[in-house]
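Heads up, the thing below is written out as structure tokens.
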Amino acid sequence: MLDPYKLRSEFPILHQEINGKPLVYLDNAATSQKPLAVLNSSRDYYERINSNIHRGVHRLSQAATAAHETARQTIAKHLNASRPEEIIFTSGTTDSVNLVASAFGRSSRLKKGDEIIISGLEHHSNTVPWQMLCERLGITLKVIPVLIDGTLDLDAYDQLLSERTKLVAVNHISNAFGTVNNVIHICSQAKKVGALTFVDGAQSIPHLSIDTQLIGCDFYAFSGHKVYGPTGIGILFGKYDLLCDLPPWKGGGEMIKEVTFEKTTYNDPPFKFEAGTPNIEGGIALAAAIDFVDNLGISSINKHESLLIKRTAEIIDELEGATIYGPDDRAGALSFNFKGIHHYDLGTLLDQMGFALRTGHHCCQPLMSRFGITGTLRASFAAYNTIEEVESLGEALKKALMMLR
Ligand SMILES: *Cc1c(COP(=O)(O)O)cnc(C)c1O
5 MLDPYKLRSE
15 FPILHQEING
25 KPLVYLDNAA
35 TSQKPLAVLN
45 SSRDYYERIN
55 SNIHRGVHRL
65 SQAATAAHET
75 ARQTIAKHLN
85 ASRPEEIIFT
95 SGTTDSVNLV
105 ASAFGRSSRL
115 KKGDEIIISG
125 LEHHSNTVPW
135 QMLCERLGIT
145 LKVIPVLIDG
155 TLDLDAYDQL
165 LSERTKLVAV
175 NHISNAFGTV
185 NNVIHICSQA
195 KKVGALTFVD
205 GAQSIPHLSI
215 DTQLIGCDFY
225 AFSGHKVYGP
235 TGIGILFGKY
245 DLLCDLPPWK
255 GGGEMIKEVT
265 FEKTTYNDPP
275 FKFEAGTPNI
285 EGGIALAAAI
295 DFVDNLGISS
305 INKHESLLIK
315 RTAEIIDELE
325 GATIYGPDDR
335 AGALSFNFKG
345 IHHYDLGTLL
355 DQMGFALRTG
365 HHCCQPLMSR
375 FGITGTLRAS
385 FAAYNTIEEV
395 ESLGEALKKA
405 LMMLR
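This is the structure we're talking about:
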């Protein structure tokens, strides 16, 4: 059993007051807080081995390179990649999507009239880069519709698939509604028509055990900062043969084999996609975050968070005028509104009482439009949240609703 009270001692930021009230941090889908193991890892890197990687013969450079490559191995193992070369360090999920969209766009795999499929549940960062690619190449973006319960219409998805489909990009868990998508099914259907698959794992990485081979995806992306790691670092998993085949997207140091002014040959994956000095400390601290998750056990984290989210849904459901979005078996995030009350007003009052929740469209404007709303209030959970915090959120909501009605 996970003990969130014991765990909280490892998160210095949680021990503060907002407006004289204890901070209750329920904005974990936007970013998670960092444990001492991660903070210490960053500090230790700069105190002991800071140096540029892969280029130096000297001792510090060797130590930094070894730590950077060990981090890659840790992440490869966590995602059950078949080799560490399938792990590319990026600056985050957004960067990973743009990498694939750009490299894929530069390959000879796309021609006018082809189609890319995304879903109506996507974050803007898994929407706009594909849209930009489609505009540039004259290809068509198709969207899997969202059903009224906040799940994807998978029958409609089957209808959208054809030999014109070249890539399917969906999230694993919706950051807006907490919907868990059946990515195994989505990927296997895509494979039947020969399409590539991209899974946006920004929300699944802190809540689910991820096996890229079981999912059967060609690409899987996530951000460090949503899984107890630092900002400015992220991951793109890609199948090795595919990475060999795709052209690079950014040019610079590290991504080359040999440069002359006439012709440059490119390095092998993953280096082909890692131009320039990377976020070395970020990669190492991200591996510390992944170790932190593995030590707690993702299934205990998931069990604990599921109890919190179920109880939150019960509490909100009992309040007058409440609408909860998304299916009951959600993960990570819970989105809701109250009739006649603006999410922003409620969020502002909650902030005054020490509660950090997100209000607005959650970077999912098309999804909000689908439900005829401008936004929601969203509570999202991490391993360090407690049932006490959930109960106190219920009390705070009652108070705030009374003030607004
Ligand atoms: C946060 C998020 C992103 C974008 O991640 P960045 O860290 O901002 O690049 C993409 N997709 C989902 C589902 C997210 O939750």
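Residue numbers for the sequence shown follow the numbering used here, beginning at 5 and rising by one. Ideal placement from N, C-alpha and C gives every residue a C-beta, glycine not left out.
- GLY233 is not a Cβ neighbour of VAL101, given a cutoff of 9 Å.
- Collapsing the DSSP output to three states places GLU399 in a helix.
- Out of GLY124, PHE226, PRO8, the CA that lies nearest to the CA of ALA34 is found in PHE226.
- Note on geometry: alpha-carbon atoms of LYS402 and LEU323 lie some 8 Å from one another.
- Nearest to GLY154 by C-alpha distance, out of PHE181, GLY220, LEU40, is PHE181.
- Chain order is used for the residues whose beta-carbon lies nearer than 5 Å to a heavy atom of ligand 1, namely GLY96, THR97, THR98, HIS127, SER129, ASN175, ASN179, ASP204, ALA206, GLN207, SER227.
- In this structure, the beta-carbon distance from ILE305 to ALA317 does not fall below 9 Å.
- Here LEU312 has PHE385, ASN389, VAL394 as same chain residues with Cβ atoms under 6 Å from its own Cβ, once five neighbours each way along the sequence are excluded.
- A direct Cα-to-Cα measurement between HIS58 and ALA71 gives close to 11 Å.
- Burial check for VAL263: the Cβ neighbour count within 10 Å stays below 16, so the residue is exposed.
- With three or more CB-CB distances shorter than 8 Å, the stretch 73-91 counts as touching the stretch 261-275.
- Spatial neighbours of GLU278 in its own chain (CB-CB distance under 8 Å, excluding positions within 5 residues in sequence) are listed in chain order as ILE92, PHE93, GLU258, MET259.
- Excluding sequence positions up to five before and after ALA335, its CB lies within less than 6 Å of the CB of ILE177, GLY182, VAL184, HIS211, all in the same chain and listed in chain order.
- ASN44: member of the alpha helix (DSSP H) spanning 40-48, first to last residue.
- Residue ALA68 holds the alpha-carbon nearest to the alpha-carbon of TYR50 among ASN175, ALA68, LYS38, GLN37.
- Going by DSSP, THR78 is part of no beta strand (DSSP E) but of the alpha helix (DSSP H) stretching over 63-82.
- For ASP298, the uninterrupted alpha helix (DSSP H) segment begins and ends at 284-300.
- Spanning the alpha carbons of TYR29 and ALA206 requires a straight line of approximately 19 Å.
- Distances from the CA of HIS365 to each of GLN356, HIS127, ASP204, VAL147 were compared; the closest alpha carbon is that of HIS127.
- Residues of the same chain with a CB within less than 6 Å of the CB of LYS116, apart from the 5 flanking positions on each side, are GLY142 in chain order.
- Scanning THR281, ILE22, PRO252, LYS81 for the CA closest to the CA of THR268 turns up PRO252.
- Taking GLN135 as the centre and dropping the five residues before and after it, the same chain places the C-beta of LEU145 closer than 7 Å to its C-beta, in chain order.
- At a cut-off of 4 residues, the continuous stretches assigned as alpha helix (DSSP H) that sit fully inside the stretch 199-228 are 216-219.
- Straight across, the Cα-Cα distance linking ALA160 with LEU151 is about 10 Å.
- Note on PRO133: 16 or more other CB atoms within 10 angstroms of its CB, so buried under the neighbour-count rule.
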